[in-house]
Structure formats: structure tokens, C-alpha cells
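Worksheet for the structure shown next.
In this note's numbering, the protein residues as written are 5 to 110.
In C-alpha cells:
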């Protein structure tokens, strides 16, 4: 039977279990742990670069959407005001005014 090797490690009060596991893994498999650490670092760096690259286009996209919404609202407001103006100056508007005045004589 293979003899089990005792691995001793010191823990600091502030260290976490994951730090301890990483230290043990590094002691047992130093090359694999370093490769894993490098891969994770490279992946995080790639993610940061991707986010930095898409941020300007994302911001520009948000600006375009905002401008389209504001243009739509401005157009809707203008059309609504024109429709209200047409109704006010029509026979229907005059009838509405008469009914309102009759009901609010105070």
C-alpha cells in the first residue's frame, strides 16, 4: 500500500478555506495550479477587455435608443396638441365647452 503523506499547513485567522485549498493544491500540483491560475487570470483579463471594447458601442446604442424615444415623445406631444387644437376649434369643441360651462357655473 502507498504510504499517505501528511501535509501540514498553517492557517492564519484571516485566511479562508479556499485559500487553504489553493495552498494545498499548489503544494501537491504546483504546475497544474499555476496553469489554472494563469488560465483564470487570462479569462478575467479577456472579459475585462471585452467589456472595455463593447462599452462605447453599448453607450452609443443606449444614446440612440434614448434619442428615438425622445423624438417619438416629442412627435406624439406635437400631434396630441394639434389634435386638441382641432377639436377645440370644431363644433365638437364648442359643444364640449357649453356642457362644461353649464356644469361648472360656480
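Glycine included, C-beta positions come from ideal geometry on N, C-alpha and C.
Computed from a prediction, not measured in an experiment: that's the story for all the values here.
Secondary structure of residue 70 (DSSP, three-state): helix. The beta carbon of residue 29 is closer than 7 angstroms to those of 37 in its chain, skipping five residues each way along the sequence. Look at residue 40 here: in three-state DSSP terms it is helix. Using a Cβ distance threshold of 9 angstroms, residue 100 and residue 91 count as a contacting pair.
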